[in-house]
Amino acid sequence: MASLMTQQMTPQEFLAMRDFIYARCGIWFSESKQYFLENRLNRRIGELNLKSYKTYLDVLQGAQGRDEMKLLFNEITTNETSFWRNPPQIEAFQKIVLPDAVALAKARMSSKFRIWSAACSSGEEPYTLAMVCQEAKDTLLRGMSVEIIATDISEKVLAQAREGNYGSYTLRNLTPTQVKQHFIAKGPESFEARPELKQMIQFKNFNLVDYPGYRTLGSFDIIFCRNVLIYFDEQVKIKVLKGFFEQLQPKSYLLVGHSESIHSFNAGFELMHFSKAMGYRKRS
Ligand SMILES: C[S@@+](CC[C@H](N)C(=O)[O-])C[C@H]1O[C@@H](n2cnc3c(N)ncnc32)[C@H](O)[C@@H]1O
């Protein structure tokens with residue numbers, strides 16, 4: 007197996023690879039990220055026994071390019087996530103956003119409630135949302151069916167998400183009662199999401215730069231897009247937010263990561279302050 011452990015990308019290779027990646031998935035690697043990119047690509051190049059990054063780019067642009075691109079996405083994405091990530095925001099979802107959005111859906115006479123977890127990684131976010139909805143199924147959500155569409159571009163994390171198996175460390179943010187209520191113990195260290203949660207979620211491969219594809223996902227009552235906009239530049243953010251705007255029901259909510267602001271691009275959204283968290287709401 008060829009090893010490129012010490013081989014650096016030439017400046018031309020870096021620029022060509024960076025532009026290619028940006029065009030395919032919107033992730034923008036600045037010059038300071040060259041080392042990161044080299045590291046991430048090294049393994050694939052070694053596995054394919056290729057001699058240079060240039061040759062790897064040729065593969066990506068050639069006949070096998072589509073398949074290789076899936077593996078490239080697995081390598082270059084950062085999939086860090088957790089259950090109950092940003093607890094004040096999940097609490098705001100539970101106590102304010104969900105009740106409000108359900109009231110709007112009921113006012114529209116809709117019996118289906120739809121949430122999009124855009125960039126769901128290995129599933130911790132959509133399963134968290136499903137847990138909250140499951141706990142409200144006989145109260146707030148009585149008479150409504152809930153559909154959570156959870157999307158990502160990495161097949162690797164989507165496969166983990168579909169399995170819904172998590173270790174006890176991954177479940178550390180949940181209370182023992184929540185673990186018992188929502189997971190089946192498969193072993194001392196292994197827990198599988200209960201069928202009621204799994205049935206609520208549809209996992210799909212969806213690339214957020216597939217702008218015409220947004221419509222195929224349908225309309226949503228709430229969109230979560232947390233901790234992915236940070237990888238995009240302004241141009242991509244504007245288009246992604248436009249896509250969300252168009253897929254959201256009137257007056258519905260968009261929740262982004264706590265370090266992300268859509269302020270300068272958000273003509274259609276108003277900023278909402280919750281206790282210790284923020285969110286956006288479509289103006290009309
Ligand atoms: C840091 S994780 C965030 C996971 C979760 N939303 C959270 O906040 O815990 C970012 C995810 O965005 C996904 N991603 C990156 N670019 C994407 C794109 N163009 N389309 C869809 N997903 C993308 C990555 O594969 C990764 O799983």
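First residue of the sequence shown? That's 7 in the numbering used here, and the numbers climb one at a time after it. For each residue, glycine too, the CB sits at the ideal point set by N, CA and C. If you're wondering where the values come from, they're calculated on a predicted model, not measured in any experiment.
- Annotation: the continuous beta strand (DSSP E) that includes R287 extends over A283 to K288.
- Burial of H188 is indicated by the presence of at least 16 other C-beta atoms within 10 angstroms of its C-beta.
- Beta-carbon to beta-carbon, A107 and Y220 are separated by about 19 Å, too far to satisfy the 8 Å threshold.
- Per the coordinates, the alpha-carbon of K282 lies some 9 Å from the alpha-carbon of P93.
- As DSSP reads the structure, L254 sits in a beta bridge with F226.
- Residue burial is scored here from C-beta neighbours: I236 has fewer than 16 other C-beta atoms within 10 angstroms and is therefore classed as exposed.
- E195 is positioned such that its CB atom lies closer than 7 Å to that of S174.
- Looking at the DSSP output, D158 bridges to N211.
- For H188, the enclosing alpha helix (DSSP H) stretches over residues P182 to H188.
- Counting along the chain, the unbroken beta strand (DSSP E) around N171 starts and ends at N171 to G173.
- Taken through DSSP and simplified to helix, strand or coil, R50 comes out as helix.
- Per DSSP, A107 is not a residue of any beta strand (DSSP E); the alpha helix (DSSP H) it occupies stretches across L104 to A113.
- The beta carbons of I155 and I228 sit no closer together than 7 Å.
- Counting only residues of its own chain and dropping the five nearest sequence neighbours on each side, L164 has a CB closer than 7 Å to the CB of D158, F209 and N211.
- Across the structure, L277 and Q14 are spaced so that their CA atoms are roughly 44 Å apart.
- In this structure, DSSP gives H279 an extended state, which the three-state scheme calls strand.
- Excluding five sequence positions before and after F251, the CB atoms of its chain that fall closer than 6 Å to its own CB belong to G274, given in chain order.
- Here F197 carries a strand assignment [DSSP, helix/strand/coil].
- Excluding five sequence positions before and after K118, the CB atoms of its chain that fall closer than 6 Å to its own CB belong to S151, given in chain order.
- Under the three-state reduction of DSSP output, R120 falls in the strand class.
- Distance from the C-beta of I155 to the nearest heavy atom of ligand 1 is not below 6 Å.
- Around the beta carbon of R232, a 10 Å sphere encloses 16 or more other beta carbons of the protein chains shown; the residue is thus reported as buried.
- Under DSSP, A273 forms no beta bridge with any residue.
- For A22, the enclosing alpha helix (DSSP H) has its first and last residue at P17 to C31.
- E130 counts as buried, since no fewer than 16 other beta carbons sit within 10 angstroms of its beta carbon.
- Taking a C-beta distance under 7 Å as the contact criterion, V215 and G32 qualify as a contact pair.
- With contacts defined as CB atoms closer than 7 Å, S160 and T84 fail to qualify as a contacting pair.
- H279 and D239 have their C-alpha atoms some 25 Å from each other.
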